[in-house]
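One structure below.
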Amino acid sequence: WTETYAVWSPLGTYLATFHWRGVALWAGPKFSQFQKFFHPDARFISFSPCENY
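For what it's worth, our numbering labels the leading residue of the sequence shown as 24, then goes sequentially.
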C-alpha cells in the first residue's frame, strides 16, 4: 500500500512506496518491507542503474 505512488528500481529488485512519514522499500521473494526512511513529504527517489545506490 502507499499514500501517494510507488516506484520500481531499474532491475525490479525494490519497490519504493511513498507515505506521509517517508519512504518504504520492499524487497525479497515475498516483497516484505526491507527498509524505512523517515523523510516527511518525500516526493522523489532515484536509484542508480545497477541498484548500487
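Heads up, the beta-carbon is just placed ideally off N, CA and C, and yes, glycines get one too.
For this session: Compare the Cα-Cα distances from TYR28 to each of PRO72, TYR76 and PHE67 and report the closest residue.
Result: PHE67
Problem set entry | Proximal residues to ALA65 (C-beta, below 7 Å), its chain only, five neighbours per side dropped | PHE41, GLY45 and VAL46
Problem set entry | For ALA29, the three-state DSSP class (helix, strand or coil) | strand
Problem set entry | Nearest neighbour of CYS73, chosen from GLY35, THR25, VAL30 and GLU26 [CA to CA] | GLY35
For this session: Round the Cβ separation of TYR37 and TRP24 to the nearest angstrom and send it over; I've been treating them as touching at under 8 Å.
Result: With a Cβ gap of about 16 Å, TYR37 and TRP24 do not count as contacting.
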